[in-house]
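Novice: Residue numbers (our numbering): 868 to 1071. Beta carbons are placed, not taken as given, at the ideal position from N, Cα and C, and that holds for glycine. Computed from a prediction, not measured in an experiment: that's the story for all the values here.
1. Can you list, in chain order, the residues of its chain whose CB lies under 6 Å from that of residue 942, leaving out five sequence neighbours each side?
2. Ignore the nearest five residues each way along the sequence and tell me which others in residue 939's own chain have a CB closer than 7 Å to its CB.
3. Run the CB neighbour count on residue 911, radius 10 Å, all protein chains shown included, and call it buried at 16 or more, exposed below.
4. Taking residue 998 as the reference, which of 974, 880, 1020, 945 has the closest Cα?
5. For residue 959, which residues in the same chain have their Cβ closer than 7 Å to its Cβ, ignoring the five residues on either side in sequence?
6. Does the distance from the C-beta atom of residue 996 to that of residue 969 stay below 9 Å?
7. Just curious, the beta strand (DSSP E) that residue 871 is in, first and last residue?
8. Apart from the five residues just before and just after residue 893, which ones in its own chain have a Cβ nearer than 8 Å to its Cβ?
9. Would you call residue 915 buried or exposed, if buried means 16 or more other Cβ atoms sit within 10 Å of its Cβ?
10. If you draw a straight line from the alpha carbon of residue 983 to that of residue 965, how long is it in whole angstroms?
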C-alpha cells in the first residue's frame, strides 16, 4: 500500500493509526509537494489534487475518515472498528463523519475568522448547524465515554477525535472543555500519540 501525504497536511492524522494497526512496514509513505499534487501523474490517482490518498493495488481511497474506515475494516481482527452487524457500528460511523463533517467545517470557518453574525445568518446551510448544538453533542459524547466513545475498547473514531480535539484546542479553534479532559488523558497514554507536538503540550 502507498499513502500519499505531505508533512503539512491532514495526512498526519493517519500516521498514529498505522502505528496502532502495526502496519507501518506495510505502507509506503510518499510525501509529495503541493506542486506535485497538481501534476498529471498524481491527478491520475486523485483528480482532487489533495492528500492524503491511500492506494492499495487498484483500490484508491481519499478523505481521512474513508481511509481510516477502510484500514479499520481491512484489519478488522485488530478490533478498531465494530463489525458490520455490531449494534455499535452506527455510533462508530456517526463519530467518524461528525468529526469530518460538522466539527471540521466549524474549525475551518473559525480558522478563516468568519464573522459570527454571518455564521448565524447562514447556519441553516452549514453542516454543524449552530455552535451551541455542535458543542452540546460533543460534550455529551465525551462525558459518556467509558473511557472511550463506544465503551471499553479504543476504536479508530477515538484516535481521529483525539487528534482533532487537541489540535483545535491548541490553536484555540474550540474551547478547552472540561468534559474532554478525562478522554484526552486516556488517549494521551497511547504510544501512537506520543511525539505529536500538541499532545506533548496537552496539560492533564
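Specialist: This is what the structure holds:
1. Cβ within range, chain order: 888.
2. Here the set comprises 947, 948, 1023.
3. By the 10 Å Cβ count, residue 911 comes out exposed.
4. If you compare the alpha carbons of 974, 880, 1020, 945 with that of residue 998, the shortest gap goes to 974.
5. Contacts found: 948, 949, 1017, 1022, 1024.
6. In this structure, residue 969 lies closer than 9 Å to residue 996 by Cβ.
7. Looking at the DSSP string, the run of the beta strand (DSSP E) that includes residue 871 is 869 to 872.
8. Same-chain partners within the cutoff: 868.
9. Classification for residue 915: exposed.
10. Those two C-alpha atoms are separated by around 21 Å.
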